[in-house]
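Data block below; observations after.
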Amino acid sequence: MKKVFVCLYVNCLRHGSEAVLQAFQENPVADVEVIASVCQGQCNMGATVRVLPDNIWYCRVKPEDVTEIVQQHLKNGEPVDRLLHPRIHPRWN
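Following our numbering from start to finish, the sequence shown increments by one per residue and tops out at 338.
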């Protein structure tokens, strides 16, 4: 089962993470649990979303990004490249 952690700590809240959490809850996916999390240590990149066990980190997620994450990643297994955290998922080319 995949787990989607949406940070609801101070900085992420300031960047709209509560609305991001709500968007995930409004777009449920079978075998995916959406969890409101404490700080994930990426405060300067909020709103932060982490997908496990894939260990994919998304940054600066907006509510309007959630549909794309749900369709492309959670349903089709392909992370959304444009939202990947650049420090955790560096691009070499």
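Where a beta carbon is used, it is the ideal one built from N, C-alpha and C, also for glycine.
query	result
Determine the direct distance from the alpha carbon of residue 323 to that of residue 317, and round the result to whole angstroms.	5 Å
Under the assumption that residue 256 contacts residue 315 (Cβ atoms under 8 Å), give the Cβ distance between them as a whole number of angstroms.	Residue 256 to residue 315, Cβ: 24 Å. No contact.
Which residue from 311, 282 and 278 puts its Cα closest to that of residue 252?	282
Of all the options 298, 321 and 330, which has the alpha carbon lying nearest to the alpha carbon of residue 286?	330
Taking just the CA atoms, how far does residue 327 sit from residue 276?	25 Å
Which residue comes first and which comes last in the alpha helix (DSSP H) that contains residue 204?	Within the shown structure, residues of the chain are numbered from 246 to 338, placing residue 204 beyond reach of any answer.
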